[in-house]
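*Asks:*
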Amino acid sequence: MRLYLKNKYGVSKAFLFIGMVPGNQKLYEILQSSGYVLIFKPTVRYIENGKETVKGNVDAELVLYAAAKVYNEYDKAVIISGDGDFACLYEYLVEHQKLLRIMTPNRRYSKLLRTFIKYIVNIDELRKRIAYTPSYSIKIKSARGRSKP
């Protein structure tokens, strides 16, 4: 995805707002080595429908960064979310000619985003182009010690 953002939209710096979950250090290292700047939020654990859920509320952080902290450091924003909570941010960015795209994870995004339809790109429709595919073949050793392609 990071490479797609760079090649398609010229995204030179990509922020990822994410909840800090102990034990996910390897994931965070992979994301950082892929070129993302990680902005961490503390997480809370709670039980919902008998199942433990971990939540890191990153909405306010994304709005703060896009509208204030790094506002003067970018020409146009590409935001990946289908959440209607960001509608006010999108309005602000449109007013200031700073919104390039809203990339939604799937076709089911908030109805509050309908006014931004010309900015919306559905990631589901891009999956084949942006999915990770290894560029090398992996050799698997059989029980006899021979390699199979």
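Those letters in the sequence shown? Residues 0 to 148, per numbering that gives the first Met the number 0, in order.
Glycine included, every Cβ here is placed at the ideal spot set by N, Cα and C.
#1: Apart from the five residues on each side of it in sequence, which residues of its chain come closer than 7 Å, Cβ to Cβ, to ALA66?
#2: Should ASP123 go down as buried or exposed, given a rule of 16 or more other Cβ atoms within 10 Å for buried?
#3: Expressed to the nearest angstrom, what Euclidean distance is found between the alpha-carbon atoms of GLU60 and LYS54?
#4: Quick one: grab the DSSP three-state call for TYR89.
#5: Just verifying my parser: in three-state terms, what is the DSSP assignment at ARG100?
#6: Around the Cβ of THR103, are there at least 16 other Cβ atoms within 10 angstroms (buried) or fewer (exposed)?
#7: Could you compute how far the alpha carbon of GLU94 sits from the alpha carbon of LYS50?
#8: Is it a yes or a no for the stretch 6-13 touching the stretch 28-40, going by three-plus beta-carbon pairs under 8 Å?
#9: Under DSSP, the alpha helix (DSSP H) around VAL62 begins and ends at which residues?
#10: Less than 6 Å between the CB of LEU26 and some heavy atom of the ligand FAD, yes or no?
#11: Determine the DSSP secondary structure at ASN23, reduced to helix, strand or coil.
#12: Pull up the distance between the alpha-carbon of LYS75 and that of LYS40, whole angstroms please.
*Replies:* Based on what the coordinates show:
#1: Taking the first residue of the sequence shown as position 1, residue 66 is located at position 67. LEU88 and TYR91.
#2: Taking the first residue of the sequence shown as position 1, residue 123 is located at position 124. Burial call: exposed.
#3: Taking the first residue of the sequence shown as 1, we reach residue 60 at position 61. Taking the first residue of the sequence shown as 1, we reach residue 54 at position 55. Spanning the two alpha carbons is a distance of roughly 14 Å.
#4: To locate residue 89, count along the sequence shown from 1; it is residue 90. DSSP, reduced to helix, strand and coil, places TYR89 within a helical segment of the structure shown.
#5: Within the sequence shown, the letter at position 101 stands for residue 100. The three-state reading of DSSP puts ARG100 in strand, counting E and B together.
#6: For the purposes of this step, residue 103 is identified with residue 104 of the sequence shown, where counting begins at 1. Buried, since its Cβ has 16 or more Cβ neighbours within 10 Å.
#7: Counting from 1 along the sequence shown, the entry for residue 94 is found at position 95. Counting from 1 along the sequence shown, the entry for residue 50 is found at position 51. Here the alpha carbons of LYS50 and GLU94 stand approximately 42 Å from one another.
#8: Touching, yes.
#9: Taking the first residue of the sequence shown as 1, we reach residue 62 at position 63. Note, VAL62: alpha helix (DSSP H), 58-63.
#10: Absent from the structure shown: the ligand FAD. Ligands present: none.
#11: One-based indexing of the sequence shown puts residue 23 at position 24. If DSSP states are grouped into helix, strand and coil, ASN23 belongs with coil.
#12: Counting from 1 along the sequence shown, the entry for residue 75 is found at position 76. Counting from 1 along the sequence shown, the entry for residue 40 is found at position 41. Going from the Cα of LYS75 to the Cα of LYS40 covers about 24 Å.
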